[in-house]
Ligand code: T1G
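Numbering (our numbering), first residue to last: 108 to 815.
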């Protein structure tokens with residue numbers, strides 16, 4: 108027996124324990140070990156029934172995702188395929204009870220459903236999250252789940268990919284009994300109860316498969332929902348098709364259909380991209396020059412300076428993580444506004460079912476509004492979220508330096524200003540760091556953690572570790588202007604405005620990027636965030652602009668007219684009282700006038716050019732950032748763009764997308780734009796170098812991880 112799967116007995120009951128930390132993935136050797144155990148117990152007359160349980164913190168959490176690359180590259184040794192193992196479990200003459208704790212996900216749930224019974228600890232989770240990897244269940248999950256839970260729940264779980272708690276799974280019929288206390292003991296007792304009785308095979312249970320009339324509306328609604336919520340993704344539609352096959356074909360035929368759909372998805376670019384993102388989400392937490400065992404600073408009490416949109420959102424982030432937090436403003440009216448916004452946000456979350464009222468009441472108790480620094484001396488971490496001006500930030504950091512205890516982390520939420528200069532206002536630059544949240548801070552997952560020259564390793568390690576507790580994806584970035592996300596966003600937006608000035612309509616630019624997969628077009632994003640935000644920053648840096656270099660003007664001209672976007676009822680688009688956008692012919696006329704005055708030739712522009720101009724602007728700037736060391740790896744940039752800027756996850760992020768297109772092709776296109784539009788399009792040296800070497804940004808990851 109491999110040490111990955113152990114077989115023991117307890118007075119006539121076999122116990123099959125999976126030991127493949129950290130998540131008991133079905134790595135090579137685990138399916139074989141399970142098959143071997145099933146064979147053994149069927150040859151042993153003293154065994155009346157079996158329990159299969161995960162060692163450590165969870166049941167089986169799925170196939171070993173690391174193995175997929177071997178399958179798609181054809182390297183995969185013929186490991187015993189999972190569906191065959193599951194049939195052996197199901198055909199076992201001795202009933203098998205699956206004992207679930209932690210997360211029975213993907214292949215883990217499929218193993219559990221091949222069992223004759225399932226017991227579970229309350230609060231554990233079961234799910235088929237495969238669509239989040241761009242694939243679908245590949246071991247009869249789409250065939251057995253409807254047989255246990257019915258069609259509607261099975262479609263929802265397989266197409267949506269979200270897990271459910273075992274309490275709900277018990278109601279649906281996926282779990283037969285919830286076990287309070289010791290799971291193994293309870294599972295063994297359950298096994299004794301059913302030993303010797305006829306055990307149902309899941310594949311033979313057809314009573315929940317419904318009728319075509321009942322099912323048709325369910326599948327139609329599911330397809331419609333997937334088209335909207337998972338726009339552009341192939342796996343959700345494939346998952347729905349596979350579940351539908353369970354209602355129209357025999358179990359064997361349905362498994363064949365599922366297998367074909369699974370393989371189509373597995374070999375798709377979308378799946379490769381989404382698996383890259385799965386591992387990337389975890390890779391970004393690894394900082395080469397900060398050892399895993401770096402001492403963390405406990406953060407049990409927090410404080411926020413500023414109760415505006417960002418300050419209020421950040422306050423909620425700490426409260427939601429269960430950390431008591433002070434929120435300071437300079438005047439009562441601003442403080443009241445801040446608290447009201449927080450209450451309104453929570454009310455919305457309760458209405459949407461995201462939080463319970465009880466959860467919200469508990470969180471609100473953790474928030475203490477204040478007009479003074481009283482209590483700041485107890486804070487382990489203070490986050491400044493004041494107006495984006497250097498003088499004010501330095502004044503605040505000077506005050507914090509005086510009131511906060513030694514060792515307290517002093518973080519700024521600045522989105523563009525120099526962390527080192529802010530730190531210079533204190534006597535403790537080693538405790539100063541940037542924590543750049545994305546609006547709305549209590550929703551967006553991305554947190555750029557900005558490393559200052561003096562920032563200590565303990566402070567960095569603490570913030571990286573804390574980001575997960577705060578429900579964020581923390582990505583360490585360097586202290587250049589705009590850090591990583593906004594620095595790349597600048598040329599992306601610049602190109603979108605240039606395209607409008609050159610004759611593309613506002614809606615053509617936005618819809619080209621929307622169809623590419625961006626959550627919103629760049630111009631609509633500008634209207635949402637406020638065109639004046641960028642406009643004010645550009646005015647502050649106007650003196651740095653190189654003479655003779657073309658500058659995007661239409662957006663600034665709109666600002667001069669007071670058209671800031673949604674907040675003024677008009678920007679690139681017009682907005683009604685519900686902020687619903689409509690095209691504004693006046694903007695088209697104005698832009699044409701401004702462009703003519705500026706001598707910009709008008710022309711027809713294809714959606715392909717729009718996408719290339721905007722996305723390759725991201726890639727080119729990303730290449731510069733990588734080379735200068737302001738991002739550790741290309742995948743860090745991908746994770747930033749997916750979690751903070753609505754880049755489509757099924758394209759893997761801008762750098763992954765460029766690798767998938769091929770850097771030679773990207774480089775040639777960038778050269779074309781350089782010839783047409785001048786030095787703004789000068790190819791980044793790293794892009795040129797990798798293109799000429801036939802390499803990828805992923806190759807660059809492996810050799811160079813910047814240190815600061
Ligand atoms: N395969 C390989 N490695 C995995 C893994 C998996 N399924 N799940 C996690 N890891 C690694 C992860 O990369 C990290 O590594 C470490 O384990 C801890 O993970 C056949 C085809 C279970 C909820 O999609 O959702 O089954 O960074 O940091 O926060 O039809 O891991 O330490 O080197 O995430 O406690 C379906 C994916 C697969 C589940 C635990 N299953 N995993 O979260 O730990 S496809 C999934 C998770 C499939 C079948 C199909 C989470 C978790 P490192 P972690 P965590």
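Note that beta-carbon positions come from the ideal geometry of N, C-alpha and C, so glycine has one too. Please read these numbers as outputs of a predicted model, since none were measured by experiment.
{"query": "Does the ligand T1G have a heavy atom nearer than 7 Å to the CB of residue 210?", "result": "yes"}
{"query": "Taking the alpha-carbon of residue 801 as reference, which of 770, 777 and 781 has the nearest alpha-carbon?", "result": "770"}
{"query": "Is the separation between the beta-carbon of residue 161 and that of residue 118 shorter than 8 Å?", "result": "no"}
{"query": "For a test of your reading of the model: does the CB of residue 653 fall under 7 Å from any non-hydrogen atom of the ligand T1G? Yes or no.", "result": "no"}
{"query": "With DSSP collapsed to three states, give me the class of residue 153.", "result": "coil"}
{"query": "Got a sec, what are the start and stop residues for the alpha helix (DSSP H) residue 393 sits in?", "result": "Note, residue 393: premise wrong, no alpha helix (DSSP H); not H, not E."}
{"query": "Can you have a look at residue 689 and say buried or exposed, based on whether 16 or more other CB atoms are within 10 angstroms of its CB?", "result": "exposed"}
{"query": "Based on Cα-Cα distance, which residue from 344, 780, 273 and 173 lies nearest to residue 606?", "result": "780"}
{"query": "Short of 7 Å in beta carbon distance, which residues of its chain neighbour residue 281, apart from the five on each side in sequence? Order them along the chain.", "result": "225, 233, 255 and 256"}
{"query": "Determine the extent of the beta strand (DSSP E) in which residue 341 is found, giving its start and end residues.", "result": "Counting along the chain, residue 341 falls outside any beta strand (DSSP E), and DSSP gives it neither H nor E."}
{"query": "Would the beta-carbon of residue 634 be found less than 7 Å away from any heavy atom of the ligand T1G?", "result": "no"}
{"query": "Straight-line CA distance for residue 567 to residue 558?", "result": "7 Å"}
{"query": "Would you say residue 616 and residue 603 are within 8 Å of each other, going by their C-beta atoms?", "result": "yes"}
{"query": "Per DSSP, which one or two residues make a beta bridge with residue 225?", "result": "205"}
{"query": "Check the DSSP bridge columns for residue 403 and list the partner residues they point to.", "result": "Residue 403 pairs with nothing; no bridge assigned."}
{"query": "Output yes or no for whether 8 Å exceeds the beta carbon distance between residue 794 and residue 774.", "result": "yes"}
{"query": "What are the start and end residues of each continuous alpha helix (DSSP H) run of 4 or more residues lying completely inside the segment 229-317, in chain order?", "result": "248-256, 258-262, 273-279 and 290-301"}
{"query": "Which value, in whole angstroms, describes the spacing of the CA atoms of residue 434 and residue 412?", "result": "6 Å"}
{"query": "Please classify residue 507: is it buried, with 16 or more other beta-carbons within 10 angstroms of its beta-carbon, or exposed?", "result": "buried"}
{"query": "Consult DSSP for residue 462 and reduce its assignment to one of helix, strand or coil.", "result": "coil"}
{"query": "Starting from the C-beta of residue 709, find all residues in its chain whose C-beta is less than 6 Å away, skip the five residues before and the five after it, and write them out in chain order.", "result": "610"}
{"query": "Quick one: residues in its chain with C-beta nearer than 7 Å to the C-beta of residue 669, no 5 flanking neighbours on either side, listed in chain order?", "result": "675"}
{"query": "If you check the beta carbons only, do residue 215 and residue 238 fall under 8 Å apart?", "result": "no"}
{"query": "Using only the heavy atoms of the ligand T1G, determine whether one of them is closer than 7 Å to the beta carbon of residue 786.", "result": "no"}
{"query": "Can we count residue 296 as close to the ligand T1G, meaning its CB is less than 7 Å from some heavy atom?", "result": "no"}
{"query": "Could you check what DSSP says for residue 681 in three-state terms: helix, strand or coil?", "result": "strand"}
{"query": "Classify residue 321 as buried or exposed, calling it buried when 16 or more other Cβ atoms lie within 10 Å of its own Cβ.", "result": "exposed"}
{"query": "Nearest by alpha-carbon distance to residue 562: which of 575, 734, 546 and 527 is it?", "result": "527"}
{"query": "Should residue 130 be counted as a contact of the ligand T1G given a C-beta to heavy atom distance under 7 Å?", "result": "yes"}
{"query": "Measure the CB-CB distance between residue 548 and residue 391 and report whether it falls below 8 Å.", "result": "no"}
{"query": "Can you tell me whether DSSP reads residue 590 as helix, strand or coil?", "result": "coil"}
{"query": "Going by beta-carbon coordinates alone, are residue 120 and residue 156 separated by less than 8 Å?", "result": "yes"}
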